[in-house]
Structure formats: C-alpha cells, structure tokens
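Heads up: take any position in the sequence shown, counting from 1, add 98, and you land on our numbering.
Notes follow the structure.
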Amino acid sequence: MSAAGGTSDVVAVAGTLEPFLRPLTGIVIDAAIFLAVVFATYLLYKAVIAPLVLRLFDRQGLDEHARRPLQKIVAFLVLFAGVTVAFGAAGYQGFLRSLATIAAAATLAIGFALQDVIKNFVAGVFIYTDKPFRIGDWIEWQGNSGVVEDISFRVTRVRTFDNELLTVPNAVLTGDVVKNPVAKKTLRLKFVFGIDYEDDVEKATDIIVEEAERSDAILDDPAPSVRLTELADSYVGLQSRIWIDDPSRADFVKARADYVKAVKKRFDEEDISIPFPQRTVSGRNEWTDPSSFGGAAEAGIGGDS
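This is the structure:
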C-alpha cells in the first residue's frame, strides 16, 4: 500500500513539473545544437579554412606583419558566419532577424560616423595586398620622404631622415603617387656635371665614365653612360647615368657623394673647370659721363647771367 502510494506521489510530482521541464528540455537541446554548430565551425576553420588562407598568403607573398591582421579578420568572419548558422539551427530565427536589423542600423550609423577610419582601413587592406612598399623601404610622397617603420590597417609610420616619426593615414598613401626608389634590386642615379664652354667635352666625358668604372659601389652592367643634356648660360651640362645594386638611401647618398668627389678631383687634375654663373651687363647706346650733363648745365646758367 505504501509502495503504491510512493509511486503515485512520484507520478504526481512528475506531472506537476512536466510543464516546467518540457521548455527546459527544449532550451537545453537548442543550446546543445548551438554549441555543436559553433564547435563544428571552429574545427572547420582550423582544419580547412586556416590552411587555405595560409596557402593563399604564401602565393601572394605577404609578409608576416601583414598576415597576422588578415588572419584575424578571416577568423572573425568565419566566427560570425558560424554563430549566425548556429542561431538558425537552434531555432532562434526571431532573435536572428532582430539581431540582423540592429546590426544593419548600427552599421549604417557607424559608417557615417567613421568614414575616414573605414577609408583608411580599406586603404590599409590595399597596401597589404598590392604591396607598393614594405617595412624598411625608403618612400617619397607629397614632398615627404623616409623609411617605413610600421604598417597597420589605419596608418603607416615613416621615420624621416631627420629622425622624425610621421604617422600617415593609409588613404593619403593610396590616393596619391608614392615613389619607392628601392622597390627593385637596382637603382639608376643621375648627376649633371657642368663644364666650361672652352673645355673639351670628350675628355670630360671620358673622365666621368672612368671614375664610375673605378667605383666599387657602381655597377658595370648596366654600364655607366654620359649624355650632353644642357647648354646653359655659363656651362655645358654632362649628365652621368650610373646604376647601384641593392639600394638603400644611405647607400645611394654615399655612393653618389663619393663618385661626385672623385670626378671633381679628376677635373681639377686635368684642368677642367666647373664655372660659376656669370652675367655680362651692357647698354644698347653709347655710355655718356654724367658729369658732362652737369658741366653743360653750369655753362648754360653762366651764359644766361
């Protein structure tokens, strides 16, 4: 009798809790589905997507500093997609629609408020993918120049040759012409030597080429060359064209300075002058001594008296 009474009590309690347990069971199942989908997304990212992304980075030749932020972006996008799918699989379509509406409105508001930030972010992505310059490159833009120290998604930091640090928005660098003299393995340098009109052009040309061939910093191939480029007011301009290997700004400045000094020394030894600007002033009419006007005036005054 007591056993039958105990069983009936359990049944009664179960019947009482059933309205509460049924929704709770559904919540647990939905949560389990949600977590399972998120975990499956994580495994998919680690096993398939991440290796594919790394292979793509290798094919594009991206530097290590460029890979890390791009990997974070890819991971965030995969996680966002996984969470979205998990909400749908768990039966939270209503919540998902509300979240999408809120996200769309927030995106619109943020887009207006952060136009410059977004513009610089997109420009940073282009810098990473197009690689117009790398960390350590010497670049020139809008009258500025320096060595790239860091590239982020928003700004690029450049150290000038006066040791000043410039923080440049990426949109400035992608929206204007950026000169990268060290982008290639070799760099051509040009310098104009001005000689006197009375000096021997061929002799000066030979000296310029010989000093280039003697320099260890200047390449033999392509060979140094000289062109007569200018007949100026006081000199004949001979433009020297030389090539250096694996250039940096320090190498470029030193190589050119040493070369120019060597040519100047040879010019002095060979009596080839580098003239300074000269001006000749002359009048169209014959010059008259001003004192003669004064004497004539005095004579006229005396005659009237």
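Note that the Cβ used here is the ideal one computed from N, Cα and C, for glycine as well.
Note that this is a predicted model, so its numbers are computed, not measured.
Task: Whole-angstrom distance between GLU311 and PRO345, CA atom to CA atom - done: As a position in the sequence shown, residue 345 is number 247, starting the count at 1. As a position in the sequence shown, residue 311 is number 213, starting the count at 1. Rounded to whole angstroms, PRO345 to GLU311 spans 18 Å at the Cα level.
Task: For LEU317, the three-state DSSP class (helix, strand or coil) - done: Indexing the sequence shown from 1 puts residue 317 at position 219. In this structure, LEU317 counts as coil in the three-state DSSP scheme.
Open item on the list: Taking the alpha-carbon of ASP248 as reference, which of GLY234, VAL334, ASP228 and PHE259 has the nearest alpha-carbon?
Closed with: In the sequence shown, residue 248 corresponds to position 150, counting from 1. Of GLY234, VAL334, ASP228 and PHE259, the residue nearest in Cα terms is GLY234.
- [ ] Could you tell me the distance, in whole angstroms, from the CA atom of ASP214 to the CA atom of LEU285?
- [x] Your numbering for residue 214 matches position 116 in the sequence shown. Your numbering for residue 285 matches position 187 in the sequence shown. Rounded to the nearest angstrom, the two C-alpha atoms are 36 Å apart.
Task: Local Cβ density within 10 Å of ASN218, reported as buried at 16 or more and exposed below that - done: Translated into positions along the sequence shown, residue 218 becomes position 120. It is buried - the Cβ of ASN218 has at least 16 other Cβ atoms within 10 Å.
Open item on the list: Is the separation between the beta-carbon of VAL176 and that of THR227 shorter than 8 Å?
Closed with: The sequence position of residue 176 within the sequence shown is 78, counting from 1. The sequence position of residue 227 within the sequence shown is 129, counting from 1. No; because the gap between Cβ atoms is not below 8 Å, this pair is not in contact.
Open item on the list: I'd like the list of long-range same chain contacts for LYS283, defined as Cβ closer than 8 Å, with 5 residues on each side in sequence excluded.
Closed with: The residue labelled residue 283 in the question sits at position 185 within the sequence shown. Answer for LYS283: ASP343 and ASP344, listed in chain order.
Open item on the list: Please list the terminal residues of the continuous alpha helix (DSSP H) segment that includes PRO267.
Closed with: Sequence index remark: in the sequence shown, residue 267 carries index 169 (1-based). Here PRO267 belongs to no alpha helix (DSSP H); instead the beta strand (DSSP E) covers 263-267.
- [ ] For the alpha helix (DSSP H) holding PHE225, just list the boundary residues, first then last.
- [x] Sequence index remark: in the sequence shown, residue 225 carries index 127 (1-based). The sequence shown places Ile at residue 225, rather than the Phe named in the question. From DSSP, the alpha helix (DSSP H) with ILE225 extends over 213-228.
Open item on the list: Does the structure place the stretch 144-158 close enough to the stretch 168-185 that three or more beta carbon pairs sit under 8 Å?
Closed with: yes
Task: Distance between VAL351 and ILE216 (C-alpha atoms, nearest Å) - done: For the purposes of this step, residue 216 is identified with residue 118 of the sequence shown, where counting begins at 1. For the purposes of this step, residue 351 is identified with residue 253 of the sequence shown, where counting begins at 1. If I take the Cα positions, the gap works out to 38 Å.
TODO: Throw me the rounded Cβ distance for the ASN278 and ILE225 pair, which I believe falls under 8 Å.
DONE: Translated into the one-based positions of the sequence shown, residue 278 becomes position 180. Translated into the one-based positions of the sequence shown, residue 225 becomes position 127. About 12 Å separates the two Cβ atoms, so there is no contact after all.
- [ ] With DSSP as the reference, please indicate the residues paired to LEU336 in a beta bridge.
- [x] Against the sequence shown, residue 336 aligns to sequence position 238. PHE291 and LEU326, per the DSSP bridge assignment.
- [ ] Provide the residue span of the beta strand (DSSP E) that contains GLU247, from first to last.
- [x] Stepping through the sequence shown from its first residue, residue 247 is reached at position 149. Run containing GLU247: 242-249, per the beta strand (DSSP E) assignment.
TODO: Keeping to the same chain, check which residues put their C-beta closer than 7 Å to that of ALA101; ignore five residues upstream and five downstream.
DONE: Translated into the one-based positions of the sequence shown, residue 101 becomes position 3. Confidence is the limiting factor: at ALA101 the pLDDT is only 49, short of 50, which leaves the residue's position unreliable, though a coordinate-based value still follows. Correct list: empty, nothing qualifies.
- [ ] Kindly indicate the opening and closing residues of the beta strand (DSSP E) around ARG257.
- [x] Here residue 257 refers to the residue found at position 159 of the sequence shown. Note, ARG257: beta strand (DSSP E), 253-257.
Open item on the list: Using only the alpha-carbon positions, how far apart do ASP72 and ALA353 sit?
Closed with: Examination of residue 72 is not possible in this model, given that the chain is present from 99 through 403 alone.
Open item on the list: If we define contact as Cβ-Cβ less than 8 Å, is ASP274 a contact residue for chain B?
Closed with: Looking at the structure shown, chain B is missing, and only one protein chain is on hand.
TODO: Closer than 6 Å by C-beta to ILE370: which residues in its own chain qualify, once you throw out the five before and the five after it? Chain order, please.
DONE: Counting from one through the sequence shown, the residue named residue 370 turns up at place 272. So the list reads ILE293, ASP297 and ALA302, once near-sequence residues are dropped.
Task: Residue interval of the beta strand (DSSP E) (run including ILE306) - done: As a first step, residue 306 is located in the sequence shown; it is residue number 208 there, counting from the start. Not the beta strand (DSSP E): ILE306 falls in the alpha helix (DSSP H), residues 299-312.
Open item on the list: Taking DSSP's pairing of strands, which residues face GLU238 in a bridge?
Closed with: The residue labelled residue 238 in the question sits at position 140 within the sequence shown. SER243 and LYS277, per the DSSP bridge assignment.
Open item on the list: Excluding the 5 residues flanking SER313 on each side, which residues of the same chain have their C-beta closer than 6 Å to its C-beta?
Closed with: Here residue 313 refers to the residue found at position 215 of the sequence shown. Answer for SER313: TYR357, listed in chain order.
Open item on the list: Among the candidates THR182, ALA360 and GLY244, whose CA atom is the shortest distance from the CA of LEU263?
Closed with: Against the sequence shown, residue 263 aligns to sequence position 165. The candidate whose alpha carbon is nearest that of LEU263 is GLY244.
- [ ] Please work out which residues of its chain come closer than 7 Å, Cβ to Cβ, to PRO230, disregarding the five sequence neighbours upstream and downstream, and give them in chain order.
- [x] The count along the sequence shown starts at 1 and reaches residue 230 at position 132. VAL276 and ASN278, listed in sequence order.
Task: Cβ-based neighbour list, THR199, same chain, cut-off 7 Å, excluding 5 preceding and 5 following - done: Numbered from 1 along the sequence shown, position 101 holds the residue referred to as residue 199. If we look at THR199 and ignore the five residues flanking it on each side, it has no Cβ neighbours.
Task: Cβ-Cβ distance between SER250 and PHE291 below 8 Å - done: Position 152 of the sequence shown, counted from the first residue, corresponds to residue 250. Position 193 of the sequence shown, counted from the first residue, corresponds to residue 291. No, they are not a contact pair.
Open item on the list: Rounding to the nearest angstrom, what Cα-Cα distance links ALA360 and PRO149 in this structure?
Closed with: Taking the sequence shown and counting its residues from 1, one reaches residue 360 at position 262. Taking the sequence shown and counting its residues from 1, one reaches residue 149 at position 51. Taking the straight line joining both Cα atoms gives about 56 Å.
Open item on the list: Taking its Cβ as the centre, do 16 or more other Cβ atoms sit within 10 Å of GLU254, making it buried, or is it exposed?
Closed with: The residue labelled residue 254 in the question sits at position 156 within the sequence shown. It is worth fixing the name first, because residue 254 is Thr in this sequence and not Glu. THR254 comes out buried.
Open item on the list: Tell me which residues share the same chain as VAL172 and place their Cβ nearer than 6 Å to its Cβ, disregarding the 5 neighbours each side in the sequence.
Closed with: Looking up residue 172 in the sequence shown gives position 74. Around VAL172: VAL151.
Open item on the list: If you reduce the DSSP assignment to three classes, tell me which class ASP349 lands in.
Closed with: Taking the first residue of the sequence shown as 1, we reach residue 349 at position 251. Helix, per DSSP.
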